[in-house]
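Participant: Supplied in structure tokens, the structure appears directly below.
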Amino acid sequence: MRRTLDSCRRQGCGEVGWGMRTARAEPIATVRKPVALLLFLAALCGCSGGGMIPSGPHSMNSTSLQRLIADASQRNHLSARLVAALIEAESGGDPSAVSRAGAAGLMQLMPGTADAYGVGNRFDAYQNVEGGTRYLHDLMKRYRNNVSLALAAYNAGPGAVDAAHGIPPYSETRAYVARITAAL
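If you want my numbering, it's the 1-based position in the sequence shown plus 1.
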């Protein structure tokens, strides 16, 4: 191999090894872009085609999800219907869901929230629902069991609710609160 590298360097072939190129080959950068795009799309879609697309084939088995919701809701003194409605609104029951903002999992936990509630893997359904229900419990306590304010804080953040002295004037947050409370 040493002789090949030396002779190629003298001839000006460029890099030799992984992605080997010669004077006639396409530059590695033009090969890497399509490969990177292909790998990104494969990760997004997953092997079964559902990937991180909410309500796709990666949605949990309904019985398992309901059991998980019932257990976490009971441990955290919340209504199972509230938690189920929140999960439906957040991820459609897909534990691999990822939002544009970076929230992930069934209850769409942001990285900071996940860290604060001890969630090591936001895509692990048990950890995500446990952390999300503990967070929702804390919001219910903070807003004196006012479901609408707790939901608004879950969606827009407690700072936005506190600054607005109520549900923030964001159309997304208002629709989110209305959609979940209507399901109760």
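Glycine residues also receive a C-beta, built at the ideal position from the N, C-alpha and C atoms.
Fair warning: this is a prediction, and the values are worked out from it, not measured in the lab.
Here's the rule I'm using: 16 or more other beta-carbon atoms within 10 Å means buried, otherwise exposed. How should Gln128 be labelled?
Facilitator: Counting from one through the sequence shown, the residue named residue 128 turns up at place 127. Buried.
Participant: Write down the C-beta distance between Ala151 and Thr174 rounded to the nearest angstrom, noting that I regard them as a contact closer than 8 Å.
Facilitator: Locating residue 151 in the sequence shown gives position 150, counting from the first residue. Locating residue 174 in the sequence shown gives position 173, counting from the first residue. No, Ala151 and Thr174 are not in contact; Cβ-Cβ is about 12 Å, not under 8 Å.
Participant: Could you check whether the region 164-181 touches the region 130-143, counting it as contact only if at least three pairs of C-beta atoms, one from each stretch, sit closer than 8 Å?
Facilitator: The answer is no - the region 130-143 does not touch the region 164-181, with fewer than three Cβ pairs under 8 Å.
Participant: Excluding the 5 residues preceding and the 5 following Leu83 in the sequence, name in chain order all residues of the same chain whose CB lies nearer than 8 Å to its CB.
Facilitator: Taking the first residue of the sequence shown as 1, we reach residue 83 at position 82. Ser74, Leu137, Val148, Ile181, Leu185, listed in sequence order.
Participant: Using CA coordinates, which residue listed in Ala90, Ala98, Arg68 is at the minimum distance from Ser60?
Facilitator: Numbered from its first residue, the sequence shown carries residue 60 at position 59. It is Ala98.
Participant: On the premise that Ser92 lies in contact with Gln109, defined as a C-beta separation below 8 Å, what is that separation, rounded to the nearest angstrom?
Facilitator: Position 108 of the sequence shown, counted from the first residue, corresponds to residue 109. Position 91 of the sequence shown, counted from the first residue, corresponds to residue 92. Yes, they are in contact, since the Cβ atoms of Gln109 and Ser92 sit about 6 Å apart, within 8 Å.
Participant: Alpha carbon to alpha carbon, what distance is there between Ala176 and Asn146?
Facilitator: As a working mapping, residue 146 is identified with position 145 in the sequence shown. As a working mapping, residue 176 is identified with position 175 in the sequence shown. In a straight line, the C-alpha of Asn146 is about 20 Å away from that of Ala176.
Participant: Is it buried or exposed for Ala164, if we count other Cβ within 10 angstroms and need 16 for buried?
Facilitator: Translated into the one-based positions of the sequence shown, residue 164 becomes position 163. Classification of Ala164: exposed, given that the 10 Å Cβ count is below 16.
Participant: Just tell me which of Ala115, Val178, Ile168, Phe124 has its CA closest to the CA of Leu107.
Facilitator: Translated into the one-based positions of the sequence shown, residue 107 becomes position 106. Answer by Cα proximity: Phe124.
Participant: Pick helix, strand or coil for Ala183, following the three-state DSSP scheme.
Facilitator: Taking the sequence shown and counting its residues from 1, the one referred to as residue 183 is at position 182. Helix at Ala183.
Participant: Could you please give the first and the last residue of the uninterrupted alpha helix (DSSP H) stretch that includes Arg68?
Facilitator: Residue mapping note: residue 68 aligns to position 67 of the sequence shown, counting from 1. Taken as a continuous stretch (DSSP letters only), the alpha helix (DSSP H) holding Arg68 covers 63-76.
Participant: For Ala153, which residues in the same chain have their Cβ closer than 7 Å to its Cβ, ignoring the five residues on either side in sequence?
Facilitator: Position 152 of the sequence shown, counted from the first residue, corresponds to residue 153. Correct list, in chain order: Val162, Ile168, Pro169, Thr174, Val178.
Participant: Would you kindly check if the distance between the Cβ of Val130 and the Cβ of Leu79 is under 8 Å?
Facilitator: Taking the first residue of the sequence shown as position 1, residue 79 is located at position 78. Taking the first residue of the sequence shown as position 1, residue 130 is located at position 129. Contact flag unset, no.
Participant: Consult DSSP for Arg101 and reduce its assignment to one of helix, strand or coil.
Facilitator: Here residue 101 corresponds to residue number 100 of the sequence shown, with the count starting at 1. Three-state result, Arg101: coil.
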